[in-house]
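Okay, so here's the structure we're looking at.
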Amino acid sequence: MASFLADAVVYLGAAVVCVPVAKRLGLGSVLGYLLAGIVIGPFLLGFIGEEGKDIMHFAEFGVVMMLFLVGLELEPALFWKMRKQVLGLGSSQLVPTALVLAALALLLGFTWQGAVAAGLAFAMSSTAIALQSLKEKGLMHTSAGQGSFAVLLFQDIAVIPILALLPLLATTNVIAADGGHWIDTLPGWQRTLAVLVAVGAVVALGRYVVVPLLRVVARTRLRELFVASSLLLVVGIALMMETVGLSPALGTFLAGVVLANSEYKHELESDLDPFKGLLLGLFFMAVGASINFDLIAGAPGTIIGITLLVMLVKMVLLLLIGRRSGFGFDQNVLFAVGLGQVGEFAFVLLAFIAQLAILDAHWTDTLMAITALSMTLTPLFMLVSEKLILPRFGTVQAEERPADEVEVRHKVIIAGFGHFGSTLGRLLRANGVEATILDNDSDQVDLLRKLGFKVYYGDATRHDLLEAAGAHEAELLVCAIAPEAAPALVETVHKHFPHLKLHVRSRNRMDAYELMDQGVLHIHRETLDTAIHMGVSVLQDLGMRHYTAHRAGQNFRRYDEAALKELAAKRGDKVDYITSVREKIAEQEELLRKDLHHDPSHSDHAWDSEEMRDAAKGR
Amino acid sequence: MPRILILFAHPRLEKSRINKAMIRQVPTHRDITFRDLYELYPDFNVDIAAEQALLAAHDIVVLHHPFYWYSMPPLLKQYIDLVYAFGWAYGPGGTALKGKAQFHVISTGGAEVAYTPDGFHGHTLKEFMLPLKRTATLCGMSWLPPYVVHGTNRVSDAELEQAARHYHDVLLALTDGRLGLQTLTGLDRLDMITIPTT
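In structure tokens form, the structure reads like this:
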């Protein structure tokens, strides 16, 4: 226990110190974590030693979670549209890169088997680094972002056949009996069947089991239970995928896509995001800590030289592919630099290669050092391209090609979709304004989704949920949640999303005062208009001309809004205002007294011929 | 027999002596339809389809309103804007009103002499009503002279009742054919007309 706590303090402390510093220097969080790992690693402070490798395996789970979250943002229809890009871009990156790198390895004196194995391992890019950096810079929706994602997804899928292929390259027959999965003992067709069943299970589970289950959990209104369910979902799918020998990242990505249409999308996103962030950070720190500086110090020229050469080869090939795909110059640079490193899958493949004795221990260690080094260099390269290359060459073409939009986020968010919010939402929709809708009543969400509304479950006063719902890109937020909760939502919005225009529903004038104190401009008292409409209807039924009653209602409404502002100003003078019953009565009295002096029909005397008659008679 | 649709628009009928009196005298008759627009559409949200169906089912359209700012009250303008629609009342395919007749029933606060070249307003009522006339002819309707009640601010109660009674008689004479439309087109005003007994 004590050592666990000590480790936690080391990792968390390093992250808390290094990441903000790196961000402040404009280096991005990835580099911050990597530097933190180097600092606490065996070659500088020595807080962590060899166990860093184990941590890396554990922390790789961050990549799995990241892919789940990426999947959540990709609706199935969009994913299906991307399939050509995944196959086309992915294969045109992986095959040539592996071939060229293998040729280089042959020149270094590798056997052909070793060269092919190393080429395949080094053709992989880092999902963790590339996606994290792209997301941090908000570039996921650009053509480079989408292209990178397609290539990474293809690599993810390709790892499976590559792992199957590597034993064929083994010169000596050393496959350890315990190294294989149970599934490796099955004949080929059964193995394929198992894979298909697993993929089908993910889709079916996502559609028919997970959503109803989450609904039950949501109904308990225990947030931690929902977090636990989210984690269980991801861990469970990862485990199932590993069992059948598939990439867990691929499986959770698929599950994410299946759940992308569900009402729990944003809640899952906001609940898992901190875990993903922490685990990824841990992963990057482990990578930093695992860099073998002794080895590098032994042959610095060779290792750094090979690293730079490998990255150069990868980037040049990527530039060529990007060009053929029609990326603009700046998009192409982003694409090439983002994917130019050797990724975390290389660790997995190299470990397997070492186990199969395709390469000797010296070379696999060297290649691992190169992998870690290239991952560390990538954020630096990105920084250089961002600060030096793109400003000089990228600006001309920057505007030419519009970013490929994959995800359409709505300009309006409606928080609260009960009878009030849904009426408002229908009005907006009837006029072509689609909104992202949040509600925290799971039964209501269920019902509305059946009616074809895109409603998401969750507590709209939480800033992370608002963020997941796209509050950063939205223009306006309608607050139609229970009036008691409205001030909390307003506070969150003012703090985190000050650009959002706010329209807030309040129950009565007491609520309205509080919202006015918060500086809300558009306050809509839900009781006001209904009461006035009803009053107008009563007057009409009593025989008043309909239009006269209508004008009376309109004038009364204006008068009441003015009275509200006037009373609010008076109220502001009192310190520690308590909304006691007595004060409410006092206020009602004041209102009624004011009403006596207000005749709503007086303002319409332009139509009143009595005055003109009097004037005419006087003439 | 021609059917008459009266579109009445007054935002403050409670305060109008003459119009209250005239409306009381609108005959209850199967060929006369009376629409009190400010009562029907206090929120100005005119039911276009319903109104077009009514217009189509009548032969003479009577626009009954006070003469505000040399024109009509805003709801009646809104009504014409929305109901006399492009492609329905005018423009390509807009023939729904073609062949019908239209006239205005107008009350003015000012006396008759105010509407002369030398009077207070400097122009005749006929000149002021030119846009209204063109509205009717654009839709292919024949333009009948207006029924005018001048000086409403000064008329006595007896004069008021007499005017209202005359209005009643004109409406009935139009429906039963005693007043032929062709004989009216040449006149200046309908309120001066002598109604034939047979």
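Line by line, the protein sequences are chains U and W. Per my numbering, the very first residue in the first sequence carries number 3; after that it's consecutive. Per my numbering, the very first residue in the second sequence carries number 12; after that it's consecutive. Where a beta carbon is used, it is the ideal one built from N, C-alpha and C, also for glycine.
Under the three-state reduction of DSSP, Ser128 of chain U is assigned to coil, being neither helix nor strand. Annotation: Ser145 of chain U is outside any beta strand (DSSP E); the continuous alpha helix (DSSP H) that includes it extends over 145 to 171. Between the beta-carbon of Arg46 of chain W and that of Leu66 of chain W there is about 10 angstroms, and that puts the pair past the 8 angstroms contact cut. Listed by position along chain W, the residues whose Cβ is nearer than 7 angstroms to that of His552 of chain U are Pro53, Asp54. With respect to chain U, the C-beta atom of Arg23 of chain W has a partner C-beta closer than 8 angstroms.
Taking all protein chains shown into account, Gln173 of chain W has fewer than 16 neighbouring C-beta atoms within 10 Å of its C-beta and is therefore exposed. For Thr44 of chain W, the pairing in a beta bridge is given by DSSP as W:Leu16.
In the three-state reduction of the DSSP assignment, Thr373 of chain U falls in the helix class, which pools H, G and I. C-alpha of Tyr49 of chain W to C-alpha of Lys452 of chain U: approximately 42 angstroms in a straight line.
If the five residues before and after Phe45 of chain U are omitted, its C-beta is found closer than 6 angstroms to the C-beta atoms of Phe295, all from its own chain and listed in chain order. Taking Asp199 of chain W as reference, the option from W:Glu170, W:Leu183, W:Val159, W:Leu190 with the minimal CA-CA separation is W:Val159. Annotated three-state conformation of Cys150 of chain W is coil, per DSSP.
Using a CB distance cut-off of 8 angstroms, Tyr81 of chain W does not count as an interface residue toward chain U. According to the DSSP assignment, His115 of chain W belongs to the beta strand (DSSP E) that extends over 112 to 118. In this structure, DSSP gives Ile415 of chain U an extended state, which the three-state scheme calls strand. The C-beta distance from His115 of chain W to Leu74 of chain W rounds to 5 angstroms, short enough to fall under 8 angstroms. Taking 7 angstroms as the cut-off between beta carbons, the residues of the stretch 17 to 50 of chain W near chain U are Pro22, Arg23, Leu24, Glu25, Lys26, Ser27, Tyr49, Glu50, in sequence order. The C-beta of Glu271 of chain U has 16 or more other C-beta atoms within 10 Å across all chains shown, which makes the residue buried.
Of U:Val21, U:Ala117, U:Phe337, U:Glu528, the smallest CA-CA separation from Leu33 of chain U is found for U:Val21. Contact check for Gly290 of chain U against Gly39 of chain U passes: the beta carbons are separated by less than 8 angstroms. Among the bridge pairs identified by DSSP, Pro77 of chain W is matched with W:Ser118. At a cut-off of 3 residues, the continuous stretches assigned as beta strand (DSSP E) that sit fully inside the stretch 492 to 559 of chain U are 503 to 508, 524 to 527.
Approximately 20 angstroms separates the beta-carbon atoms of Lys267 of chain U and Gly64 of chain U; this is outside 8 angstroms, ruling out the contact. With at least 16 other beta carbons inside 10 angstroms of its own, Met140 of chain W counts as buried. In the structure shown, Ser82 of chain W adopts extended strand secondary structure according to DSSP, grouped into three states. By the C-beta density criterion, His552 of chain U is buried, having at least 16 other C-beta atoms within 10 angstroms. Between the beta-carbon of Ile439 of chain U and that of Phe419 of chain U there is about 5 angstroms, and that keeps the pair under the 8 angstroms contact cut. Contact between Pro78 of chain U and Ala200 of chain U is ruled out by a C-beta separation of about 18 angstroms, above the 8 angstroms threshold. Any Cβ of chain W closer than 8 angstroms to the Cβ of Tyr458 of chain U would place that residue at the interface, and such an atom is absent. If you ignore the 5 residues before and after Arg217 of chain U, its C-beta comes within less than 7 angstroms of the C-beta of Ser444, Asp448, all in its own chain and listed in chain order. DSSP assignment within the stretch 233 to 266 of chain U yields the following whole alpha helix (DSSP H) runs of 4 residues or more, N-terminal first: 250 to 261. Thr106 of chain W carries a coil assignment under DSSP once its states are collapsed to helix, strand and coil. For Asp332 of chain U, DSSP records no beta bridge to any residue.
Following the DSSP letters along the chain, one finds Leu215 of chain U inside the alpha helix (DSSP H) bounded by residues 213 to 221. Pairwise C-beta distances place the stretch 327 to 335 of chain U out of contact with the stretch 249 to 265 of chain U, as fewer than three of them are shorter than 8 angstroms. DSSP places Thr438 of chain U in no alpha helix (DSSP H) but in the uninterrupted beta strand (DSSP E) bounded by 437 to 441.
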